[in-house]
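K.L.:
Its first residue numbered 235, the sequence shown is counted upward by one per residue in my numbering.
Glycine residues also receive a C-beta, built at the ideal position from the N, C-alpha and C atoms.
Given the structure is predicted, the values throughout are model-derived calculations rather than measurements.
Sending over a structure as structure tokens; questions will come in a sec.
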Amino acid sequence: MSSEDASLQVDLAEFNALRAEIQTFLNLQSFFLGLAVAILAAVIPVAVGKRPGTPAWTFAAIPLPFAILATLYADVVGRMGRAARYLQTTLQPRLVKLTTPNDALGWELYVHKHDPTERLLWWTDKIRYAVFFLPAIVAYVASFWWPVPAGCKWDLCFKNVNGIALLGAAIVVRRSEAIILKEIVSESKS
235 MSSEDASLQV DLAEFNALRA EIQTFLNLQS FFLGLAVAIL AAVIPVAVGK
285 RPGTPAWTFA AIPLPFAILA TLYADVVGRM GRAARYLQTT LQPRLVKLTT
335 PNDALGWELY VHKHDPTERL LWWTDKIRYA VFFLPAIVAY VASFWWPVPA
385 GCKWDLCFKN VNGIALLGAA IVVRRSEAII LKEIVSESKS
């Protein structure tokens with residue numbers, strides 16, 4: 235086997251490993267979205283039909299899992315983007331040199347340069363964050379109007395923790411989006 239054939243085999247193996255990693259991240263994204271929808275589905279009936287015996291902390295606790303899931307989702311988006319950028323900027327050029335015709339990883343090239351659905355996918359990705367943030371923000375704001383039992387000292391602390399969690403998740407999501415956008419802009423200029 236020639237050194238070019240060996241290099242091609244190694245690069246293809248690396249490509250397959252990275253695509254498997256991206257698929258795992260896609261599965262995690264779906265899991266986090268599904269979990270957020272399941273939490274929402276469990277909370278809505280309780281919130282709408284609030285019984286007098288339902289503790290107020292149940293509703294005050296709603297933002298925390300959504301903030302955690304939004305942060306995990308943003309982490310997966312960043313990791314998936316890192317693998318995709320490596321495929322595009324490092325692995326694809328190496329494979330182009332080793333293959334004839336020089337159109338190795340045509341799908342990767344298409345997705346990053348010629349995809350007509352790019353704008354739609356960008357918007358749907360942003361809308362997915364609403365699954366995490368809208369219920370959390372609504373519950374957080376509403377928690378200030380829920381009656382607090384007399385002598386309850388945890389309420390303000392809980393609201394502060396939820397507020398910090400929501401703010402932290404928003405910062406992480408915004409920062410990861412800014413990094414990804416910066417990479418896309420720098421790649422489109424080159």
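Helix or strand or just coil, what does DSSP make of I296?
P.N.:
In the structure shown, I296 sits in coil (DSSP, three-state: anything other than H, G, I, E or B).
K.L.:
Please list, in chain order, all residues of the same chain as P297 whose beta carbon is under 6 Å from its beta carbon, the five residues on each side excluded.
P.N.:
Correct list, in chain order: A370, A373, Y374, N396 and L400.
K.L.:
I'd like the span of the alpha helix (DSSP H) that includes K458, first residue to last.
P.N.:
The question about residue 458 has no answer here: the residues shown for the chain are numbered 235 through 424.
K.L.:
Tell me, to the nearest whole angstrom, how far the beta carbon of D245 is from that of R328; I am working on the premise that it is less than 8 Å.
P.N.:
About 6 Å; that satisfies the 8 Å criterion.
K.L.:
The alpha helix (DSSP H) with L325 in it runs from where to where?
P.N.:
Where L325 is concerned, there is no enclosing alpha helix (DSSP H), given that its DSSP letter is neither H nor E.
K.L.:
Inspect the beta-carbon positions of R313 and F249 and report whether they are closer than 8 Å.
P.N.:
No; because the gap between Cβ atoms is not below 8 Å, this pair is not in contact.
K.L.:
Please classify S410: does DSSP put it in a helix, a strand, or coil?
P.N.:
Looking at S410 - three-state DSSP - the assignment turns out to be helix.
K.L.:
Below 8 Å between beta carbons: does that hold for A304 and F367?
P.N.:
Yes, these two residues count as a Cβ contact at 8 Å.
K.L.:
Ends of the alpha helix (DSSP H) at L343?
P.N.:
Looking at the DSSP string, the run of the alpha helix (DSSP H) that includes L343 is G340 to L343.
K.L.:
Decide if the stretch 253 to 271 is in contact with the stretch 307 to 325; the criterion is three or more beta carbon pairs, one per stretch, under 8 Å apart.
P.N.:
Counting Cβ pairs under 8 Å, three or more are found: they touch.
K.L.:
Report yes if the C-beta of A370 is less than 7 Å from at least one heavy atom of the ligand SAH; otherwise report no.
P.N.:
In the structure on display, the ligand SAH does not appear, and there are no ligands present to speak of.
K.L.:
For the stretch 235 to 286, list the beta strand (DSSP E) runs that are entirely contained and at least 3 residues long, ordered along the chain.
P.N.:
If we require 3 residues or more, the stretch 235 to 286 turns out to have no beta strand (DSSP E) run fully inside it.
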